[in-house]
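Below: the structure, in structure tokens.
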Ligand SMILES: [Zn+2]
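Residue numbers (my numbering): 8 to 93.
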């Protein structure tokens, strides 16, 4: 029996370093924060991108699709920097 072609979806995870901003942008853009000491990702989804803090590389969101996220600013719970998804 011949091995057939193996069809694998592209499940490679891309790591995306978020852009740091000094202050929260103006406008109706949510700023998400965590209580001190809680370092879990803000989101866990079914996509193939991981979003990392631009300062300390903490995992901010796991397995998401950045294209499908609205613009959000995440305050990194580890270093306190603001990370913009845009
Ligand atoms: Zn950080």
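Glycine included, C-beta positions come from ideal geometry on N, C-alpha and C. The structure displayed is predicted, hence computed values, not measured ones.
Excluding sequence positions up to five away, which residues of its chain have a Cβ less than 8 angstroms from the Cβ of residue i?
i          : result
residue 21 : 55, 56, 57
Taking the CB atoms as reference points, tell me whether residue i and residue j lie closer together than 8 angstroms.
i          : j          : result
residue 46 : residue 85 : yes
residue 32 : residue 80 : yes
residue 83 : residue 62 : yes
residue 91 : residue 39 : no
residue 5  : residue 73 : Not covered by the structure: residue 5. The range shown for the chain is 8 to 93.
residue 27 : residue 89 : yes
Within the present structure, is the beta-carbon of residue i separated from the nearest heavy atom of ligand 1 by less than 7 angstroms?
i           : result
residue 138 : The question about residue 138 has no answer here: the residues shown for the chain are numbered 8 through 93.
residue 62  : yes
residue 65  : yes
residue 29  : no
Just to check my reading of the structure: residue i and residue j have Cβ atoms closer than 8 angstroms, yes? What is that Cβ distance to the nearest angstrom?
i          : j          : result
residue 48 : residue 68 : 5 angstroms
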